[in-house]
Amino acid sequence: MASLRIENLHTPAQIEQACALLQSIWSGGPDVVPFDFAVALAHAEGYVAAAFDGDTVVATSIGFRGMHGDLPVLHSHVTGSIVPTGGLQLKHHQRGWALDHGIEYITWTFDPLVRRNMYFNLVKLGATAVSYLPNFYGPMADIINAGDDSDRVLALWDLRNDSPFTHSDKLRHTAISEEGDSPISHGLQDGIENLIHLPSDIESMRVNRDARVPLWRNQVRDVLEPALNSGWTLAGMLGHSACILRPSTTDKEMS
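Just so we're aligned: 217 in numbering that gives the first Met the number 0 is position 218 of the sequence shown, and the numbers increase by one with no gaps anywhere.
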């Protein structure tokens, strides 16, 4: 698909289209972003943008300014697209918006069990995942998340770094492998990179009420939560199936 027209939204009619698109993607639950909140956020110079194909909104993203430790950030709360390139084009638009506003980092949360999102965030964009947030949103009723805990990892994108992830041949330990769509835990090995294999399609497994969903959630949480919250980071993937967990650059140990 050719480049879409991307605009920051200001009128109620445009914002209503954007909110309706998000609701169509995450149907079955409460409003993804309430219309009145999105209008107020746009009025307060927050990030409310959409990609258009002609006059039709085909992707949208909503975020706000915040802090990550001492770092001013644009926190991207939600991005949804019904076209293949909409998400990537909006991310690059976010990058330009943030830099124009003197912001050098973007943060957002994503489900670490969704392979394609992990690849998009860590490989295509070159972000890293820096903390683990168990059951971040509490129970969710929409068709994408229902039937599972809402664990998220926090992505941090350094906008000063234009280099995407590049593969290396470092020694790695497999902390979680996959066999027949089931997770097999081998434990975390300190001091070297660890591979975390992810389910092929966790969203379909949730829809089908697959009994392996909580196995994946619990085993990935058991590895990632203490690691990320002790200074390790997720940075890149091996192929499309396993993310790379890198040890802290400090000597801080997990407890």
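For every residue, glycine included, the Cβ atom is placed at its ideal position computed from N, Cα and C.
Assigned exposure category for residue i - 16 Cβ within 10 Å defines buried
i	result
residue 30	exposed
residue 44	exposed
residue 90	buried
residue 178	exposed
residue 4	exposed
residue 207	exposed
residue 210	exposed
residue 21	buried
residue 60	buried
residue 54	exposed
residue 127	buried
residue 110	buried
residue 85	buried
residue 42	exposed
residue 19	exposed
residue 100	exposed
residue 70	exposed
residue 37	buried
residue 9	exposed
Bridge partner(s) assigned by DSSP for residue i
i	result
residue 195	175 and 242
residue 215	Residue 215 pairs with nothing; no bridge assigned.
residue 154	107 and 128
residue 247	Answer by DSSP bridge pairing: none, since residue 247 is not bridged.
residue 183	176
residue 236	242
Cβ-based neighbour list, residue i, same chain, cut-off 8 Å, excluding 5 preceding and 5 following
i	result
residue 13	6, 49 and 56
residue 188	172 and 174
residue 27	140, 141, 142 and 145
residue 160	125
residue 88	2, 3, 5, 50 and 58
residue 192	169, 170, 171, 172, 243, 244, 245 and 246
residue 130	152, 153, 227 and 228
residue 214	181 and 182
residue 190	246
Close-in-space but distant-in-sequence residues of the same chain around residue i (CB under 7 Å, 5 per side omitted)
i	result
residue 136	149
residue 158	94, 97, 98, 103, 104 and 105
residue 74	62, 63, 65, 106 and 107
residue 134	148, 149 and 150
residue 176	183, 185 and 196
residue 239	114 and 118
residue 32	18, 21, 61 and 77
residue 224	131 and 133
residue 34	14, 15 and 18
residue 120	109, 126 and 154
Spatial neighbours of residue i in its chain, beta-carbon cut-off 6 Å, leaving aside the 5 residues before and after
i	result
residue 205	146, 147 and 212
residue 242	117, 195, 233 and 236
residue 16	56
residue 67	106
residue 24	79
Contact test: residue i Cβ vs the ligand NAP heavy atom, cutoff 8 Å
i	result
residue 190	For the structure depicted, the ligand NAP is absent and the ligand set is empty, with no information on it obtainable.
- Task: Can you check the region 0-84 for any alpha helix (DSSP H) of at least 4 residues that lies completely inside it and give the ranges in chain order?
- Result: 11-24 and 34-42
- Message: For the region 179-188 against the region 212-231, do three or more pairs of beta-carbon atoms, one drawn from each stretch, fall closer than 8 Å, so that the two count as touching?
- Response: yes
- Kindly confirm or deny that the region 72-86 and the region 199-210 touch, where touching means at least three C-beta pairs closer than 8 Å. With the cut-off at 8 Å, the region 72-86 and the region 199-210 do not touch.
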